[in-house]
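These notes concern the structure reproduced below.
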Amino acid sequence: TGTPVADEPGFEEFGDLDWNKDAIEEDEKVVDPAHAVVWHGLLTADRAGAVRIRVEGETTALLVDGVMELALNGGARNVDVWLEKGQHEITVFAACSKGSTGVRVKRAYASVNTQQVSLQPFTEEEWAAEREQVVVEETPLTGRQEVDLSTARFIKTTAEFGFKETEMVKVVGNWTSLEDQIAVSLGAVRPGLYELWLEYAHPGTSGRFSVQLGRQEIEHPVIDSGGWGVYVPDRAGVILVEDGGSRDLLIKPLEIQGGGLMELRNIFLMPAKQGIVGLNNEWEFRFPSYDLRYTRIIVNEYIGNSVAINHVVVGDASAKETQIPTDADILSLAQNNILEIAAGDIVRATYTDERTQNQGGTGRLLTSELQATYYNASIAPIAYDQQRSGAGGVTFTPKSLMRIDPGERVTIQVTDYDRDQSDELDEILVEVSVNNDAPIVLTATETDAYSGIFTKEVDTAGEEMDDRLVVKQGDRIYIRYLDEQNTFPGHSVKRESVVYVNEPTDAQIRIVSSRMIPRPEGQAGLPTPVYLPVDEGDVSAVAFEVPLLVEVIDPDMAKDDRSQITVAVQASNGSTLLVDCVVSSQFSDLPASTERDEALYQGRFIGQIIMQLGSKDSPALVPLTIGMPRGLVGRTRLPDEEEDGDLGGLVARVLNLSGEDQVLLAYKDEKRATGEPSLLRANAKLVSNGQLHVTDREYEDAVEQLHVGEKLYLRVYDADKDISDERDEVVVEITTELGEKEVVKLFETTIHSGEFTGSYQLIAAEKPTPSNSDDTEPKIESYFGDVISVSYIDDTAATETGELSVLHEIPVVVGTNGLVSAFTKVFNDEELAVETKFRIAESYFELFKSHKELGRDEDLGRDLEAGRRILKEVMEDYPDPKYVPRIAYLRGQFAQELEQWSEAIRSYELLLTQYPDHTLAADAQYKLAQTYEDAGDFDEALEAYVTLAATYPKSPLIASVMIRIADHFYKQENYKVAAQVGEKFLEKFSSHEYASRMAFRVGQCYYKSELYTEAGTSFDRFAKLFPEDPLGGDSMFWAGESYRMGNNNQLAFRRYNRCRWDFPSSEAAKYARGRLALPEMIQQFETEANSIDNDN
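To convert, count from 1 in the sequence shown and add 19; that's the numbering used here.
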């Protein structure tokens, strides 16, 4: 029992055949009743082929064109059906015991291009709104073959059996004996397969008879015609009329009841496309010609223990050709000298090497294998992108083609390695047809010798022109190639693809709603960004933490997989970005398809944008930090920026907006069905679920209890509450069980941070006075054992009601820790006070480093705690944002010295992200890279060093950066890179205090890279640039070593001599004298001496 729900809004529009209904709550109980769903519609098949349909539900059934393909039964089930081209009536029944479980129907179309069966939901385009009008040609009378009953011969034992006169015609009657039979000649009936029809009269369903034609025999029951004299046609079965075979049709009774077998008035034959011909103990299955690789016989029912089949023949009856058994004797093939192989076979060759070098002279068996197979060819339409290089050359990049305009070129690409059959450019034949027109046969040529890839260019035109293919809007261009050898489907098959001739379509645009789903309670991990499939309302709601996703559906612009469109995205404050959207199926529910690119077919373009809290004047180009998303789809640029601008991966473009701004998406649809271009718009608003935290004094870790006399620290993160270019505020309500109630304000930490903080002193009071706190002296009155409740109401949240209430309850412990302060100092001048505290904190830091070097751990801890306490006091007593950079820098230094890498990175990145122009920014960037390096993540360190060089090119720290990079690669034994960095260092910082050490290191790198000539040159340069350096002797010695290893003995001999002459007392001179004693050096000495003698 139940109520039909067909009138529910949108129910009849579920083209994907997927339905469920959420449970509801009634009388404090969850109600999830059972439902039954019936779908009925006209499914349009573009091509004839097999379709697998899966119905999912607890009870299911399926009818296709009135045939019960799945009888009513339990469970999800599959069925394979064959659908001819055209419309088919589909009726689906599915029931579930819980509406939230839902029911659904999926389908998969058979393809010759893939063996994978991928079930996907139906699409709305597959269903026809109304039945198409089909003109059915009447079957000509010649299709029916009449049998002349007047020529019948009677074999009888009853005298009355035979023809008898009725009111209209003469019929065979008085058929009362089992011995009475009738033989009818088929006469001039043409050979073929026929349905045998008998027209007779008989009251009641009783009696049986058989029909024999040669070795064929059919047994059939007598049907009830409604009485004697009421004649109805009855299909008895299928017979095969063979050329030269028997022409006598014998009918004999097997059982007679009701006063006679029948009154037979007529016999006629109807041509049959398929059927089973029974030949005694043989069956012959006749059916139209199909391209098949396998045939299967399924015996559903039999008598006995098993079925035995003695002989199977498969062939073409009309041509009298047999495929199975084959003409060749399979057993004899093993005796010839030809190796017969098939796809999938492994050819193994072996050779016994009898004479080997093995111990004992034993032989060995050598084996090699080769797998025989065919390539499954593919055909695809492509086009080319032309890109000009800096040298003037042109590069052609292929791209998948989906649509063209009349007059554009289609390049057919066939990949079939089987057809690479010579060392010349081979050729194959391809077919091109428009819609259902006759195909045009063209010749495709191999792109290169041995490539196995063939192409053919086809030019189109909108009207008759030369030999171009004439097309118009809405046409389909089919390209086909006959793949004669393959492994799937295993027989010759025409591979096919299609190109659509473009026609104007009405574009659809939207900004996709998004949410940031927090991790469940007690589970580690980051929140998960989610894009919602459907937007409710005219204005989408987007989460600030998730990249803004814009989507445009415009098929007429999606011509190939490299197509792009440009949209404009603007915030209400005027901040504008252009987004180059690309074809992509990411973040969508498009069905997966092995036949085509669904995103390209649907014309779906998307692009992503990083959002940042800010105003129109905030920088749109910001450094790319660790927390920012990467790998975004599409490309963003400023309105006045060149299209081919490259950011290099170090910075990113952002859309600056505030919580009260709306985001406007604009796209100009140039081609529409009306012929007039239109500017489409979509809107979105920023939503963020506010987060409330009760934390420690650093506003980082949550606390679970409070102490009277200390402070209550609150932090709210709510991006959409950043609504101005000033420090905004939010309101929080604080109540206690003892009666305290205060409504307090939290202030934004910095402009456009979206993070709000505040601290309130817990004053001991057994009877609190509500609403007595003020901004100059914020306090909360509480007492030991009290419970403090903090609540924050976010009135612009991403919830169904648009409002979110967050509540935290924190107990106040019974008892508290006392604090004794010896004295304090009050400054009248704030800047003097802050500067003094900073100097004290820096002093503690220097003490901290000194004690760490001395190993005095106890003093080390005291220094650290004291320095951090001073910084916290600055933050609490002077919450001005201008002090934040210096505080963050000092906190980062403390954390770095303690090897607390994550905390140090956060501190440095806070300074770099929010205060990139501060005087400490360059130092912080260097310290950030240094921290990454100390933490063992040199990839991030290298990126940070490069960012320092790009962002602060005049910083004196660049030299130190290059020294650290070179030293890292040297230790990693990547000497070539280390040498390159050293060369650059010497170019820019030739007068640096470590220039000589870097010059010597360059020579070492070249030497260890076995680039001996470059090494010798580097050491010579060192001696020239730094003649007074203590390493001068070593440079001369290693120059000689480099030239000697590079087989330049003349220069090696001279460098060794210079080393012992110019630096006679050095350690290097000892080694140089030893090298001069080598035979090749003595030979070089003699050569030099002879040269002097000859000159004299």
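Just so it is clear, CB atoms sit at the ideal spot from N, CA and C, and this is done for glycine as well.
Nothing here was measured: the structure is a model prediction, and the numbers come from that model.
Proximity of Ala639 and Ser677 at Cβ, strictly below 8 Å
Residue numbering aside, residue 639 sits at position 620 when the sequence shown is read from its first letter. Residue numbering aside, residue 677 sits at position 658 when the sequence shown is read from its first letter. Contact: no.
Taking only the alpha-carbon atoms, compute the straight-line gap between Glu928 and Asp958 and give it to the nearest angstrom.
Translated into positions along the sequence shown, residue 928 becomes position 909. Translated into positions along the sequence shown, residue 958 becomes position 939. Each residue's alpha carbon lies about 17 Å from the other.
Range of the contiguous alpha helix (DSSP H) that encloses Arg1020
Stepping through the sequence shown from its first residue, residue 1020 is reached at position 1001. Start and end: 1014 to 1027.
With DSSP as the reference, please indicate the residues paired to Asp813 in a beta bridge.
As a first step, residue 813 is located in the sequence shown; it is residue number 794 there, counting from the start. The bridge partners DSSP lists for Asp813 are Leu823.
Beta-carbon separation (whole angstroms), Ser926 vs Ala703, contact threshold 8 Å:
Counting from 1 along the sequence shown, the entry for residue 926 is found at position 907. Counting from 1 along the sequence shown, the entry for residue 703 is found at position 684. Actually they are not in contact, since the Cβ atoms of Ser926 and Ala703 sit about 34 Å apart, beyond 8 Å.
On the CB-based measure, 16 or more other CB atoms within 10 Å of its CB, does Leu350 come out buried or exposed?
Here residue 350 corresponds to residue number 331 of the sequence shown, with the count starting at 1. Leu350 should be labelled exposed.
Could you tell me whether the segment 48 to 63 touches the segment 116 to 126, where touching means 3 or more Cβ pairs closer than 8 Å?
yes
So if DSSP puts Leu567 in a beta bridge, which residue, or which two residues, is it bridged to?
Indexing the sequence shown from 1 puts residue 567 at position 548. Leu567 pairs with Ile628.
Ser408 lies in the alpha helix (DSSP H); which residues open and close that run?
As a position in the sequence shown, residue 408 is number 389, starting the count at 1. No alpha helix (DSSP H) contains Ser408, which DSSP labels as neither H nor E.
Exposed unless 16 or more other CB atoms sit within 10 angstroms - verdict on Glu767:
Here the question's residue 767 lines up with position 748 in the sequence shown. Its Cβ being crowded by 16 or more others within 10 Å, Glu767 is buried.
Round the Cβ separation of Ala784 and Tyr802 to the nearest angstrom and send it over; I've been treating them as touching at under 8 Å.
If you number the sequence shown from 1, residue 784 lands on position 765. If you number the sequence shown from 1, residue 802 lands on position 783. About 6 Å; that satisfies the 8 Å criterion.
Candidates Ala1088, Asp41, Met1064: closest to Pro1049 by CA position:
Position 1030 of the sequence shown holds residue 1049. The option with the nearest alpha carbon to Pro1049 is Ala1088.
Can you give me the Cβ contacts of Thr644 inside the same chain, cut-off strictly under 7 Å, excluding the 5 residues immediately before and after it?
In the sequence shown, counting from the first residue as 1, residue 644 sits at position 625. These residues qualify, in order along the chain: Glu928, Thr932.
Can you tell me whether Asn702 is helix, strand or coil according to DSSP?
Position 683 of the sequence shown, counting from 1, holds the residue named residue 702. Three-state result, Asn702: strand.
Which parts of the segment 419 to 477 are runs of the beta strand (DSSP E), unbroken and 3 residues or longer, counting only runs that do not cross its ends?
Contiguous beta strand (DSSP E) elements confined to the segment 419 to 477 occur at 428 to 434, 446 to 453, 459 to 465, taking only those with 3 or more residues.
Residue span of the beta strand (DSSP E) that contains His771, given as start and end:
Taking the first residue of the sequence shown as position 1, residue 771 is located at position 752. Run containing His771: none; DSSP gives neither H nor E here.
To which residues of the same chain is Arg19 closer than 8 Å at the C-beta, ignoring the five residues directly before and after it?
Nothing can be reported for residue 19: it is not among the residues displayed for the chain, which extend from 20 to 1115.
Within its chain, find whatever has a CB closer than 6 Å to the CB of Ser1054; leave out the 5 residues flanking it on each side and keep chain order.
Within the sequence shown, numbered from 1, the residue matching residue 1054 stands at position 1035. Cβ neighbours of Ser1054 beyond the five flanking positions: Phe1038, Phe1041, Ala1042.
Does the beta-carbon distance from Pro570 to Ile528 come in below 8 Å?
Residue mapping note: residue 570 aligns to position 551 of the sequence shown, counting from 1. Residue mapping note: residue 528 aligns to position 509 of the sequence shown, counting from 1. The residue asked about is misnamed: residue 570 is Glu in this sequence, not Pro. Cβ distance < 8 Å, so Glu570 and Ile528 count as in contact.
Looking at the secondary structure, which residues open and close the beta strand (DSSP E) in which Pro642 lies?
One-based indexing of the sequence shown puts residue 642 at position 623. Taken as a continuous stretch (DSSP letters only), the beta strand (DSSP E) holding Pro642 covers 640 to 642.
Under 8 Å Cβ to Cβ from Pro546, same chain only, skipping five residues before and after it: list those, please.
By 1-based counting over the sequence shown, the position of residue 546 is 527. Same-chain partners within the cutoff: Met535, Ile536, Pro537, Arg538, Glu564.
Pick out whichever of Gln999, Ala526, Ala940, Glu145 has its Cα sitting closest to the Cα of Lys973.
As a first step, residue 973 is located in the sequence shown; it is residue number 954 there, counting from the start. Nearest in C-alpha terms to Lys973, of all of Gln999, Ala526, Ala940, Glu145, is Ala940.
Between Glu660, Leu420, Ala671, Ile782, which lies nearest to Glu617 when the distance is taken from Cα to Cα?
What you label residue 617 is simply residue 598 of the sequence shown in a count that begins at 1. Taking only the C-alpha atoms, the option nearest Glu617 is Leu420.
Spatial neighbours of Gly162 in its chain, beta-carbon cut-off 8 Å, leaving aside the 5 residues before and after:
Taking the sequence shown and counting its residues from 1, the one referred to as residue 162 is at position 143. The residues are Met289, Pro290.
Which two residues bound the contiguous alpha helix (DSSP H) that contains Met484?
Mapped onto the sequence shown, residue 484 falls at position 465. From DSSP, Met484 is part of no alpha helix (DSSP H); its letter is neither H nor E.
Helix, strand or coil: how does DSSP classify Asp199 here?
The residue given as residue 199 occupies position 180 in the sequence shown. Note: Asp199 maps to coil in three-state DSSP.
Proximal residues to Val131 (C-beta, below 6 Å), its chain only, five neighbours per side dropped
In the sequence shown, residue 131 corresponds to position 112, counting from 1. Cβ contact annotation for Val131 (same chain, cutoff 6 Å, sequence separation greater than five): Pro508, Val512, in chain order.
Selection from Ala178, Ala202, Leu62 that minimises the alpha carbon distance to Phe141:
Here the question's residue 141 lines up with position 122 in the sequence shown. Of Ala178, Ala202, Leu62, the residue nearest in Cα terms is Leu62.
Report the rounded CA-to-CA distance for Thr176 versus Lys292, giving the unit in angstroms.
Here residue 176 refers to the residue found at position 157 of the sequence shown. Here residue 292 refers to the residue found at position 273 of the sequence shown. In a straight line, the C-alpha of Thr176 is about 39 Å away from that of Lys292.
Can you tell me which of the three DSSP states Leu7 falls into?
Look at the range of the chain in this structure, 20 to 1115, and you will see that residue 7 is not part of it.
Bridge partners - Thr755, DSSP secondary structure assignment
Taking the sequence shown and counting its residues from 1, one reaches residue 755 at position 736. Per DSSP, the beta-bridge partners of Thr755 are Ile807.
Compute the Euclidean distance between the alpha carbons of Gly911 and Phe1019, then round it to the nearest angstrom.
For this step, residue 911 is matched to residue 892 along the sequence shown. For this step, residue 1019 is matched to residue 1000 along the sequence shown. A direct Cα-Cα distance of roughly 35 Å separates Gly911 from Phe1019.
Distance, Cα to Cα, Thr506 vs Gln134?
The residue given as residue 506 occupies position 487 in the sequence shown. The residue given as residue 134 occupies position 115 in the sequence shown. Going by the C-alpha atoms only, they are around 10 Å apart.
So, do the segment 603 to 613 and the segment 655 to 662 have three or more beta carbon pairs nearer to each other than 8 Å?
These segments do not touch.
In this structure, how does DSSP classify Phe1004 when only helix, strand and coil are distinguished?
Within the sequence shown, residue 1004 is the residue found at index 985, counting from 1. If DSSP states are grouped into helix, strand and coil, Phe1004 belongs with the helices.
State whether the segment 1098 to 1109 contacts the segment 1057 to 1074, with contact taken as three or more CB pairs (one from each stretch) at a distance under 8 Å.
With a cut-off of 8 Å, the segment 1057 to 1074 and the segment 1098 to 1109 count as touching, because enough Cβ pairs lie within range.
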